[in-house]
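Numbering (our numbering), first residue to last: 11 to 374.
Positions of the beta carbon are idealized from the N, C-alpha and C atoms, including for glycine.
Comments concern the structure below.
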Ligand SMILES: Cc1cc2nc3c(=O)[nH]c(=O)nc-3n(C[C@H](O)[C@H](O)[C@H](O)COP(=O)(O)O)c2cc1C
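Right, here's the structure in full:
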């Protein structure tokens, strides 16, 4: 099977990509004081190695407790100068780059005794049911967070990024609104249904969309899994999936960025179609898939000490050709092999390096 589908160009609004390969967002915890300048070389190497697009690590919006590590990249204040350096470097190498706008919500960092710059804020002050951390957001907190999303959307445009991603997965702030266990609010931001609990994330998307302007592609990252519950599930039918996501499409999402442990796991019984495939089918929008592309195991296994081994990607290319998704986000394979895209294109996959747990540790 040819890998040619992975190397077709892609366009969405003002974003033009030379191929379908993106580097998945990966925190490097290497931004002292939040300044990401040291990430410039790390990202640029992946572009020089053939990837078309960099999704940055989660970059914290302007709230005191929006990041849970002192070396997380920030997306406000002096850190924005660092992002200019990063963007210029990626562009000079012929690539495109999108910041991932992030707020960690109630999630702290395991094993860290660093104290956040503010009290953790989240819908109901919970990391999971019965597991409190920080406080439930007041109306003033909610307004301030939306303002921070707007400011980040505006900065995305003025700095010259090629697209923007809103992180609404993996159990962080926006996902904590979606999840019934962590959103027990009785005001308009809570509710018994996923659609009702989507109101605040929708508002965040509207803010970013309005500030970033109509022509900048907006990715929305979604997942079922979250560190507090790796097996969490939001939808059981295609109709539920459609009811959840269509309001996001209407609010300005251009591309869904679907995160799963394995890109090819069927979402529903009685159909082989993956989460990404179903999102594309019910929304009709382009989709970027992610999860164990070109690498065995999954990110939790590698964080847990198992080394991932390089894997062929013929099936990924075939599913793309069949219309299951439009873009791939590659994490561990690109961490271990900066020139992964060129290598698979040139048939040199036999020499690819495995992804050891050490590679996931902080650093670039
Ligand atoms: C070290 C590391 C840091 C990560 N940081 C982020 C992040 O900041 N934001 C995010 O959405 N996902 C993050 N992820 C998840 C990846 O984007 C991706 O979904 C996951 O690694 C699965 O893809 P893979 O199997 O190709 O590695 C991280 C993964 C790793 C390994």
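- The distance from the Cβ of residue 296 to that of residue 265 is about 5 Å, consistent with a contact at the 8 Å cut-off.
- Excluding its 5 nearest sequence neighbours in each direction, residue 42 has C-beta neighbours in its own chain below 7 Å: 81, listed in chain order.
- When the five nearest sequence neighbours on each side are left out, the beta carbons in the same chain lying within less than 7 Å of the beta carbon of residue 186 are those of 115, 116, 132, 133, 192, 193, in order along the chain.
- Within its own chain, the residues whose Cβ lies closer than 8 Å to the Cβ of residue 164, once the five positions on either side in sequence are excluded, are 221, 222, listed in chain order.
- Between the beta-carbon of residue 160 and that of residue 188 there is about 21 Å, and that puts the pair past the 8 Å contact cut.
- Under DSSP, residue 142 shares a beta bridge with 136.
- Only residues of its own chain outside the window of five on either side were considered, and among them 204, 244 have a CB closer than 8 Å to the CB of residue 250, listed in chain order.
- Proximity of the beta carbon of residue 217 to ligand 1 is not indicated: no heavy atom of the ligand is located closer than 7 Å.
- With 16 or more neighbouring CB atoms inside 10 Å of its own CB, residue 67 falls in the buried class.
- Looking at the backbone, the Cα of residue 294 and that of residue 176 are separated by about 19 Å.
- Membership of residue 101 in the alpha helix (DSSP H) is indicated by the continuous run 89–102.
- The closest heavy atom of ligand 1 lies 7 Å or more from the beta carbon of residue 284.
- Between residue 40 and residue 63, the gap from beta carbon to beta carbon reaches 8 Å or more.
- Between the alpha carbons of residue 181 and residue 156 lies a distance of about 18 Å.
- In this structure, residue 326 lies near residue 273, with their beta-carbon atoms less than 8 Å apart.
- In this structure, 152 is the residue among 369, 329, 257, 152 with its C-alpha nearest to the C-alpha of residue 198.
- A Cβ-Cβ contact shorter than 8 Å links residue 290 with residue 334.
- Ranked by Cα distance from residue 370, the options 36, 19, 215 are led by 36.
- Among the bridge pairs identified by DSSP, residue 111 is matched with 69, 176.
- In this structure, the alpha-carbon of residue 78 lies about 8 Å from that of residue 124.
- The beta carbons of residue 373 and residue 38 sit closer together than 8 Å.
- Beyond the five residues adjoining it in sequence on each side, residue 70 comes within less than 8 Å, by CB distance, of 44, 76, 77, 82, 83, 84, 85, 86, 112, 113, 114 in the same chain, given in chain order.
- Under the three-state reduction of DSSP, residue 313 is assigned to helix.
- For residue 236, the pairing in a beta bridge is given by DSSP as 180, 239.
- By DSSP's assignment, residue 305 forms a beta bridge with 320.
- Straight through space, the alpha carbons of residue 106 and residue 233 are spaced by roughly 24 Å.
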